[in-house]
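Visitor:
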Amino acid sequence: MQLDSTDRRLLEIIQRQIPLVPRPYLEIARELGLEETEVLERLGRLRKAGIIRRMGGFFDSRQLGYTGTLCAIQVPETRIEEVAAVINAYPEVSHNYLRTHEYNMWFTVLASSPAEVDRIIDEIKTRTGIDYVLSLPAERVFKIKVKFDVSEVPDAQ
23 MQLDSTDRRL LEIIQRQIPL VPRPYLEIAR ELGLEETEVL ERLGRLRKAG IIRRMGGFFD
83 SRQLGYTGTL CAIQVPETRI EEVAAVINAY PEVSHNYLRT HEYNMWFTVL ASSPAEVDRI
143 IDEIKTRTGI DYVLSLPAER VFKIKVKFDV SEVPDAQ
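Oh and the sequence shown: position 15 is 37 in the numbering used here, straight run, nothing missing.
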């Protein structure tokens, strides 16, 4: 998908901060000199194309009383889809991805207590038949704010 200059400006705005007002997309539309419906249509198109994966707030889960861990397991290639479906069925799993490594499936578990994290991991082991899950809880957290400069993306021809 080719981005035009308006798409690029829209992406810059939503990365910076979505206005905390009753009609944020109307506010963004005014900044861009567009109608609110066009902003919504563009966002829908960008999301459908996979350019926008997610829009929403970021919260410090630790401040909210949650605990989490990064997990890694060894999944036979023939079972990737099956095991991923089991893991992804848990609302406490926020990320699940494959890596080229001995431990080829990595996922995060975030829950209300360390005991709840352990319970979920134990269930995943039981439901998948995979006996060992490497659990790597964070000792220190480094949060960075990533903003992609899309101003250099060329206009569609």
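Don't be surprised by glycine CBs; every beta carbon is placed ideally from N, CA and C. Just so it is clear, the structure is predicted and the values come from calculations on it, not from any experiment.
On the criterion of 16 or more Cβ atoms from any shown chain inside 10 Å, does D144 qualify as buried, or is it exposed?
Guide: Result: exposed.
Visitor: What is the residue span of the beta strand (DSSP E) that L158 lies within?
Guide: Counting along the chain, the beta strand (DSSP E) containing L158 begins and ends at 156 to 158.
Visitor: In chain order, which beta strand (DSSP E) runs of at least 3 residues are fully inside the region 84 to 113?
Guide: Whole beta strand (DSSP E) segments, 3+ residues: 89 to 95.
Visitor: Could you say which of R149, E57, E99, A51 lies nearest to V108 if we only look at CA atoms?
Guide: The shortest Cα separation from V108 among R149, E57, E99, A51 belongs to R149.
Visitor: Going by beta carbon distance, what residues of the same chain come within less than 7 angstroms of S116, once the five residues before and after it are set aside?
Guide: Counting only Cβ-Cβ distances below 7 angstroms, and skipping sequence neighbours, we find T130, L132.
Visitor: Measuring CB to CB, does Q96 end up less than 8 angstroms from E124?
Guide: Contact: yes.
Visitor: Could you check if A71 is buried or exposed, using at least 16 other CB atoms within 10 Å of its CB as the buried criterion?
Guide: Under this definition A71 is an exposed residue.
Visitor: In the DSSP output, what is H214 paired with across the bridge?
Guide: Residue 214 lies beyond the range of the chain shown here (23 to 179); nothing can be said about it.
Visitor: Measuring only the C-alpha atoms, how far is V155 from T91?
Guide: Looking at the two C-alpha atoms, the distance is approximately 11 angstroms.
Visitor: Identify which residue in S157, E103, I40, T89 has its Cα closest to the Cα of M77.
Guide: For the residues S157, E103, I40, T89, the minimum Cα distance to M77 belongs to I40.
Visitor: Check for me: the alpha helix (DSSP H) holding P136 runs from which residue to which?
Guide: It spans 136 to 150 - the alpha helix (DSSP H) in which P136 sits, taken as one unbroken run.
Visitor: Smallest Cα separation from V105: which of Y47, W128, L86?
Guide: That would be W128, whose Cα lies nearest to the Cα of V105.
Visitor: To the nearest angstrom, report how far apart F164 and D140 are at their CA atoms.
Guide: Approximately 24 angstroms between the Cα atoms of the pair.
Visitor: If you check the beta carbons only, do V172 and R45 fall under 8 angstroms apart?
Guide: No. Outside cutoff.
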